[in-house]
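With my numbering, letter number 414 in the sequence shown gets 414, and the count goes up by one each step, no holes.
Note that beta-carbon positions come from the ideal geometry of N, C-alpha and C, so glycine has one too.
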Amino acid sequence: MLRTRSGLAAGALLLAATLGLTACGGDDGATEGADAKTLTLWHYEGPNSAMGIAWNKAIELFKASHPGVEVKFEEKGFEQIQQNAQMILNSDSAPDIMEYNKGNATAGLLSKQGLLTDISDEFTKRGWDSKLSTSLQTTAKYDDDGIMGSGKVFGVPNYGEFVTVYYNKKMFDQYKLAVPATLDEFTKVMDTFVQNKVTPLAVGGAEYPAQQIFYELALSKADRKFVDDYQLYKNKVDFKGPQLTYGAQTFAEWVSKGYISKDSAGIKAEDMGVSFTQGKFPILISGSWWYGRFADEIKDFEWGTFLFPGNTLHPGSSGNLWVVPEKSKAKALAYDFIDITMQPEVQALLGNSGGVPVAADPAAITDPKNRELVETFNKISTSDGLAFYPDWPAPGYYDVLVAGTQGLINGSKTPDAFLDEIAKPYNENLADLGK
1 MLRTRSGLAA GALLLAATLG LTACGGDDGA TEGADAKTLT LWHYEGPNSA MGIAWNKAIE
61 LFKASHPGVE VKFEEKGFEQ IQQNAQMILN SDSAPDIMEY NKGNATAGLL SKQGLLTDIS
121 DEFTKRGWDS KLSTSLQTTA KYDDDGIMGS GKVFGVPNYG EFVTVYYNKK MFDQYKLAVP
181 ATLDEFTKVM DTFVQNKVTP LAVGGAEYPA QQIFYELALS KADRKFVDDY QLYKNKVDFK
241 GPQLTYGAQT FAEWVSKGYI SKDSAGIKAE DMGVSFTQGK FPILISGSWW YGRFADEIKD
301 FEWGTFLFPG NTLHPGSSGN LWVVPEKSKA KALAYDFIDI TMQPEVQALL GNSGGVPVAA
361 DPAAITDPKN RELVETFNKI STSDGLAFYP DWPAPGYYDV LVAGTQGLIN GSKTPDAFLD
421 EIAKPYNENL ADLGK
């Protein structure tokens with residue numbers, strides 16, 4: 001999933017423009033828009049990303065099977081939807097179907113607020129349940145409190161994702177470095193780059209990438225119980241416990257050792273990705289959503305991937321969800337579109353474009369590198385290694401973690417202060433839920 005995740009250049013103006021779109025809200029009763037002639041679709045994937053390529057194909061197939069129906073596709077920025085979804089979906093300008101981030105703080109919150117359509121019946125009737133493993137269904141279901149993993153179905157993922165380590169083989173070869181198998185070996189690799197006046201890591205501290213590095217470090221000391229406690233509220237989480245303390249302290253050490261540039265506090269994810277494609281950094285730790293784009297854009301050097309060394313748990317899950325806003329006027333068409341994204345043709349295209357399909361025949365993935373990506377995800381998924389993402393547990397937590405990791409990068413926060421800062425809204429959310 002390539003997230004452009006660009007922030008709002010002029011938030012108020014963009015939101016005003018969004019809310020000024022032709023209204024398409026309101027449930028039209030039992031027919032669920034079966035006779036609608038327009039499907040308004042929003043997503044935030046780049047056109048040359050695996051998802052963008054596959055979904056463009058899905059739009060083409062949808063139009064062929066629905067003559068007379070117009071598809072109004074509108075590409076949005078990740079941050080635009082992340083920050084304004086509640087306002088948009090509670091207005092008469094809600095789209096008929098949209099990509100939305102999964103997890104308690106996002107899809108879970110909107111489901112709790114009644115802004116998303118319960119699609120449980122369609123989920124079983126159309127056989128989507130049989131195409132998604134139990135672990136991948138975790139992010140599709142939310143209970144009355146908006147907590148993922150059980151309850152009604154409010155979204156459908158058609159791809160998977162996980163955080164991995166991308167590396168520049170040319171730069172590794174230059175310094176005779178091998179792919180590390182342990183965290184200790186990884187730090188020695190980064191030490192070599194620093195000794196040669198090369199900053200090892202491309203980091204986007206102004207958006208999601210930095211917090212994913214912090215979470216990878218915490219997961220290096222974690223087990224499934226910790227993940228279930230943190231993400232699913234099974235038990236209280238000690239924010240000064242060994243997992244999160246190690247993550248915060250080691251992240252700060254990586255900054256002090258020069259693995260992470262202090263300038264990266266202001267860098268967006270997009271700029272981080274571009275800097276890696278330009279060969280300016282040897283290593284980038286981020287999601288599989290970059291894979292297809294790197295394959296398309298990197299021409300000057302060989303690159304590869306490896307999982308975060310030593311970890312058995314990795315940030316990852318199903319991909320983002322196709323959700324149907326409660327105010328959609330074309331729900332039946334939205335369900336048809338989702339169904340097309342799950343068809344073998346689209347799933348195979350997704351995999352062959354560098355994505356991670358959830359319902360593709362592996363034999364249909366012809367590119368060896370792409371097949372390796374899918375096989376890696378399947379290995380993580382089947383070994384119960386998906387640990388979700390650090391910003392999921394509480395509403396607004398994404399911004400809390402962005403600000404917190406920025407503080408660690410620029411030195412304005414100590415690890416101890418960072419942990420206090422992220423513990424407060426997490427525990428407040430638990431209190432609001434009566435837990």
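- Here A85 is buried, its C-beta having at least 16 other C-beta atoms within 10 Å.
- Per DSSP, I380 is not a residue of any beta strand (DSSP E); the alpha helix (DSSP H) it occupies stretches across P368 to T382.
- Excluding residues up to 5 positions away in sequence, N352 lie with their Cβ nearer than 8 Å to the Cβ of T366 in the same chain.
- When DSSP assignments are scanned along the stretch 286–338, the uninterrupted stretches of beta strand (DSSP E) that are 3 or more residues long and fall wholly within it turn out to be 303–306, 316–318 and 321–323.
- Judged by pairs of C-beta atoms under 8 Å, the stretch 65–76 touches the stretch 32–52, as three or more such pairs exist.
- When C-beta atoms of the stretch 401–411 are compared with those of the stretch 252–269, three or more pairs fall below 8 Å, so the two segments count as touching.
- Sixteen is the threshold: when 16 or more other Cβ atoms of the shown chains lie within 10 Å of the Cβ of A265, as they do, the residue is buried.
- Residue pairing by DSSP places A202 opposite L284 in a beta bridge.
- Beta-bridge analysis with DSSP links E421 to no other residue.
- The DSSP-derived three-state label of K152 is strand.
- Sixteen is the threshold: since fewer than 16 other Cβ atoms of the shown chains lie within 10 Å of the Cβ of S383, the residue is exposed.
- For Q343 against A360, the beta-carbon gap comes to about 10 Å, at or over 8 Å, which does not count as contact.
- With a beta-carbon spacing of about 13 Å, V189 and G258 fall beyond the 8 Å limit used to define contacts.
- Following the DSSP letters along the chain, one finds T164 inside the beta strand (DSSP E) bounded by residues G160 to N168.
- Ranked by how close their Cα comes to the Cα of A332, the residues W55, V69, N48 and Y291 have V69 in first place.
- The stretch 190–257 is shown to contain whole alpha helix (DSSP H) runs of 4 or more residues at 209–219, 224–232 and 242–256, in chain order.
- Under the 8 Å Cβ criterion, the stretch 275–287 does not count as touching the stretch 52–69, having fewer than three qualifying pairs.
- One alpha carbon belongs to V323, the other to V179, and they sit about 39 Å apart.
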